[in-house]
Amino acid sequence: MSNQVRVRLAPSPTGYLHLGTLRVALYNYAFAKKNNGSFILRIEDTDQNRLVDDAVENIISTLNTIGVDFDEGPNKGGDYGPYVQSERLDIYKKYINELIGKGFAYHCFCDKETLDEMRTAQIERKEDPKYDRRCLKLSKEEVELRISRGDSYVIRLKMPDDRIFSFDDAIRGIVEINSNQIDDQVILKSDGFPTYHLAACVDDHLMEITHVFRGEEWISSTPKHLWLYECFGVQAPKFVHLPLIMNTDHSKLSKRKNDVSVENYLQKGYPVPAIINYIALIGWHTSDDREFFSLTDLCHEFSLDRVNKANGVFDIVKLNWMAGMYIREMSNEDLADKCRPFFENAGFDVSDQRKFLAVMDNAKDRIFCYSQAIEHSQMFYKDLSFSEEDQEVLADADSQNVLKYFIDNADNIPWDDNEELAQFIKAGSKELGIKGKKYFFPLRISLFGSSHGPDIPKLFAILGKNETIQRMEKVLH
Ligand code: GLU
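Per my numbering, residue 15 is the first one in the sequence shown, and the count goes up by one each step.
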């Protein structure tokens, strides 16, 4: 094994990049950076039935967008490739044959029906369901005969009986599991592909991985992996089993309760630094327990002893709050750059930069993702339509006078000075002798299409002289 830290992200391309996988990626990346190590991307595509067409591209492009860079991987190359498991089948075969040769693995010809019956009978007898090793009793000749006649088979790993497997997990400390609890794992499937257990162990060994960061759901499989390493006569890597991410009701984070693919959040325009910050915070904290930190901070400060043991919770309310905080810290110019594509895709012409910056300033305090700015801003770009009630307000004689007052004074209004503008609008009420709703409603309705919304001076400032007057003229009788 390498002296230098080497870690890997090993996603299965069975879907788009999951929030949980992003967290594993962030911790791996930070750990590698902190220790001057290497970070490797390995695609684990041995489950051919569950492959999703563009998943590999999505995983790579999403990680690129997030800013997590790899030293080695399918898109990068490296000395330990290929980095896609389906391109390594010959390597696995060699290791499987070695296991069979040494008596550590055996052919199993049991079909699904047989296995189902076995399982049902064991459950009825109140035994833990496990493969009963009936194929282990087959003679070499029988095995050869059945293979030559084309019978379908898998290869199973023969676990030792009654042995305590013990390992020092980087997060959980010493973990002990009795091998009797563990099934003779299938390591080669009937389609000729290895299972995760065999392929991951072979690859972690050959790629000289020093630390295996993975979800806690793999703890119970670790004895199989330790046994595989023992059978091969090589040293196992250090295991770093991360606590799970749960929904707020403490069920496992799943599509049914939350959007779980990172893509969803990028598509909605959550600020990338906020996604990184929030996801890294589920399960890890800085030494001073502060809530806000960047990817660079994470890389400088990451330490395994501050990974939580308890499961973390994904709370969309908290993510939204944090994302909103990041947006409020942005300049109007930066926010405009991020929001522009969303507006353009929705068909809005936002080429008037002065207006768009004012629109951003108005939206900034109200949003947690860029796409949301549209809902708070579309009234500034669309032709307005009015409810019956609002039409009645606009038709009122006083309302018409208010609108006429501003149209007539268009050239005297201090459009470019927010304070003076506010003063001017205030003074108009006095001059006309029209107060409160009678004064504000016709202005807000004519400019914003609703009697509720931003302050009147803000509306004037956003729309600017021409559009403010045009909108008023439109509803002048
Ligand atoms: N391919 C496995 C998964 O996606 C990776 C587990 C591991 O990191 O070892 O769950």
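Positions of the beta carbon are idealized from the N, C-alpha and C atoms, including for glycine.
Is the CB-CB distance between residue i and residue j below 9 Å?
| i | j | result |
| --- | --- | --- |
| GLY442 | ARG37 | no |
| THR209 | LEU202 | yes |
| PRO96 | ILE74 | no |
| CYS313 | TYR43 | yes |
| TYR120 | LYS282 | no |
| TYR106 | LEU212 | yes |
| GLY478 | ARG342 | no |
| PHE420 | LEU371 | no |
| ASN261 | LYS271 | yes |
| GLY467 | LEU267 | no |
| ARG160 | PHE123 | yes |
| PHE357 | ILE476 | no |
| SER100 | ASP59 | yes |
| GLU230 | ASN325 | yes |
| SER317 | ASN291 | no |
| ILE110 | ILE169 | yes |
| MET344 | LYS378 | yes |
| LEU65 | PRO27 | yes |
| PHE246 | ASP183 | no |
| VAL321 | PRO257 | yes |
| ILE80 | ALA39 | yes |
| PHE53 | ASP93 | no |
| ILE293 | LEU280 | no |
| LEU171 | TRP241 | yes |
Please name the residue in the options whose C-alpha comes closest to that of residue i.
| i | options | result |
| --- | --- | --- |
| MET132 | TYR97, LEU446, CYS149, PHE118 | CYS149 |
| LYS488 | LEU446, ILE476, LEU408, ASN432 | LEU408 |
| VAL274 | GLN62, HIS239, LEU31 | LEU31 |
| GLY117 | MET173, ILE476, PHE362 | MET173 |
| GLY187 | HIS255, SER193, PRO237 | HIS255 |
| ASN359 | SER345, ALA387, PHE382, THR224 | ALA387 |
| VAL364 | ALA350, VAL216, ASN376 | ALA350 |
| HIS491 | GLN414, PHE362, PHE454, ASP175 | GLN414 |
| TYR243 | GLU305, ASP142, GLU112 | GLU112 |
| THR236 | PRO251, LYS418, ASP311 | PRO251 |
| ALA46 | PRO27, ASN17, PRO25 | ASN17 |
| ASP410 | ALA337, GLY29, GLU155, LYS451 | LYS451 |
| GLU433 | PHE474, ASP397, GLN405 | PHE474 |
| GLU71 | ASP85, ARG56, ASN63, ASP61 | ARG56 |
| PHE328 | THR310, VAL276, ASN63, VAL373 | VAL276 |
| ASN49 | TYR284, PHE179, GLY206, THR224 | THR224 |
| PHE207 | GLY115, ASN426, ASP61, GLN437 | ASP61 |
| VAL416 | LYS440, GLU403, GLU127 | LYS440 |
| ASP263 | ILE330, TYR284, ASP302 | ILE330 |
Which class does residue i belong to by DSSP, given the choice of helix, strand or coil?
| i | result |
| --- | --- |
| PHE181 | strand |
| HIS211 | helix |
| ILE191 | strand |
| MET260 | strand |
| VAL331 | helix |
| LEU477 | helix |
| HIS466 | coil |
| ALA44 | helix |
| ASP120 | A small fix is needed here, since residue 120 is Tyr in this sequence, not Asp. Reduced to three states, the DSSP call for TYR120 is strand. |
| SER275 | strand |
| GLU315 | helix |
| GLY51 | coil |
| VAL168 | strand |
| LYS496 | Absent from the model: residue 496. The displayed extent of the chain is 15 to 491, so no value can be given. |
| GLY229 | strand |
| GLU127 | helix |
| GLY115 | helix |
| GLU86 | strand |
| LYS269 | coil |
| GLY450 | helix |
| LEU202 | strand |
| PHE253 | strand |
| ILE439 | helix |
| LYS57 | Note that residue 57 corresponds to Ile in the displayed sequence, not to Lys. Of the three classes helix, strand and coil, the one that applies to ILE57 here is strand, per DSSP. |
| ARG380 | helix |
| LEU77 | helix |
| LEU23 | strand |
| TRP241 | helix |
| HIS299 | coil |
Hey, residue i and residue j are a contact pair by Cβ (cut 8 Å); roughly how many whole angstroms apart?
| i | j | result |
| --- | --- | --- |
| VAL21 | PHE181 | Actually they are not in contact, since the Cβ atoms of VAL21 and PHE181 sit about 17 Å apart, beyond 8 Å. |
| ILE459 | PHE400 | 7 Å |
| LEU461 | ARG485 | 5 Å |
| LYS238 | ILE196 | 6 Å |
| ASP176 | ASN194 | 6 Å |
| MET374 | ASN346 | 5 Å |
| PRO285 | ALA337 | 6 Å |
| SER204 | SER162 | So it is not a contact: roughly 16 Å between Cβ atoms. |
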